[in-house]
Amino acid sequence: MVGLSLLLTLGLYVGAKWLYQKKRAFYFSPVLICPLLIIGCLLVFQIPYSTYQKGTEFLSYLLQPATVAFAIPMYKYWGLLKKYGMVMMSGILLGSLFSLITSQLFAVAMHLSEPIAKSILPHYVTTPFAMYIAKQIGGIESLAAALVIITGLVGALFAQPVIRMVRIKTPLAKGLMLGVSAHGIGTGKAFELGEVEGTVSSLAMIITAGLGLFLTPFFLATVHALFK
Amino acid sequence: MKWFRLLLQVAILIGFHQLGEMVQRFFEWLIPGSVIGLVALFLCLKWEWIRLEWVEVGAAFLIAELMLFFIPAAVGVVQYQELILQNGLYLLAFIVISTVTLMVALGWWSDRLEARRNRGSNQDGRT
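Next comes the structure, spelled out in structure tokens:
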């Protein structure tokens, strides 16, 4: 059973990735189609999530060394960060604040329960960090992860229309807007647009995530101090 | 040989994560172990204690297959079916509106800023 979860996940991932590379349609994106198909399997065969989770523990663990791996693009493109530093840092700070404030407003307007509201807050941060932040502030880890993935897909899907509509030309702007709003999946899209776009996006994503670690609890404390 | 090198490099990255976890537990820091590992590896590269070739292939592999490692976490929403049925559409609408608004605002603002800077540096070049 446990081995089966791993095999199912790997098989679907390889298949979806192959399809996505051929068709480039967002609904073949492995992060969308694989979880949906697996959820279908779990429901049909009445397999509890805990069983599946145990079988795929190793895959989830690899998120951690993958986060460490981002040291390499940071090291290789440190010069780019120096060159674009001011625009990137201010964009990241303002973008993060925008995401936190709109999330909080939405949660209040919808009367969402506390754990759900806290799972929405880190939706703009890359998954391993978002799950960590959600856990720290009392949200639900896997809900946070799902919202992050949806956010990334939305960002990647709307990237081209936004670029055309607003007539964005510089690689810096394309990369920055994708990295701050749509993290990993957006960064994948940014690499499709170009090398500089992708690199700016991955740097922006890491810095946004790192900032989110401190900004989110600070933001919550401020909200509590002001309105409670 | 190729596979062996890849596995070895991934093992080095896992080692850095484990080191980060140990440091995090020891000092009881709020920063996750993976970030401590990231900073440690960055510094090791910068100080040339570790060569780029020792980790480059492994890192590229992990980053390229990042989506695979998200899948189990995303499947976790199966535990929250009720919530999804009740609020799913609103949640989706919120994410679409806020993400697209942010992209438009951020893209527009940084594009103008960068275009102006480019124009400025071009003129400097001419004079």
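Protein sequences appear in the order of chains A and B.
Heads up, the first sequence is in the working numbering, so the first residue is 2 and it goes up one at a time.
Heads up, the second sequence is in the working numbering, so the first residue is -1 and it goes up one at a time.
Virtual Cβ for every residue (Gly too), placed ideally from N, Cα, C.
Leaving aside the five residues that flank V75 of chain B on each side, the residues in its chain whose CB is nearer than 8 angstroms to its CB run, in chain order, I82. For L144 of chain A, the neighbours in chain B by C-beta distance under 8 angstroms run, in chain order, G74, V75, Y78 and L81.
Within the stretch 67 to 112 of chain A, the alpha helix (DSSP H) runs of at least 4 residues that lie entirely inside it are, in chain order, 72 to 77 and 79 to 110. Just so you know, the alpha carbons of Y88 of chain B and I12 of chain B end up roughly 39 angstroms apart.
Around the Cβ of K119 of chain A, a 10 Å sphere holds 16 or more other Cβ atoms; the residue is buried. Between G180 of chain A and T152 of chain A, the CB-CB gap reaches or exceeds 8 angstroms.
Bounds of the alpha helix (DSSP H) holding I138 of chain A are T128 to I138.
Under a criterion of Cβ atoms nearer than 8 angstroms, the residues of chain B adjacent to A147 of chain A are, in order, A71, A72, G74 and V75. In this structure, L36 of chain B sits near V69 of chain A, with a CB-CB distance shorter than 8 angstroms.
Not a single C-beta of chain B is nearer than 8 angstroms to the C-beta of M206 of chain A.
DSSP places H15 of chain B in the uninterrupted alpha helix (DSSP H) bounded by K0 to F25. For E51 of chain B, the enclosing alpha helix (DSSP H) stretches over residues L50 to A62. Under the DSSP assignment, V75 of chain B falls outside any alpha helix (DSSP H); it carries neither an H nor an E label. M65 of chain B reaches chain A at P31 and V32, counting residues in chain order whose Cβ is nearer than 7 angstroms. Counting only runs that start and end inside the stretch 28 to 52 of chain A, the alpha helix (DSSP H) elements of at least 4 residues fall at 31 to 45.
For P218 of chain A, the uninterrupted alpha helix (DSSP H) segment begins and ends at E196 to F228.
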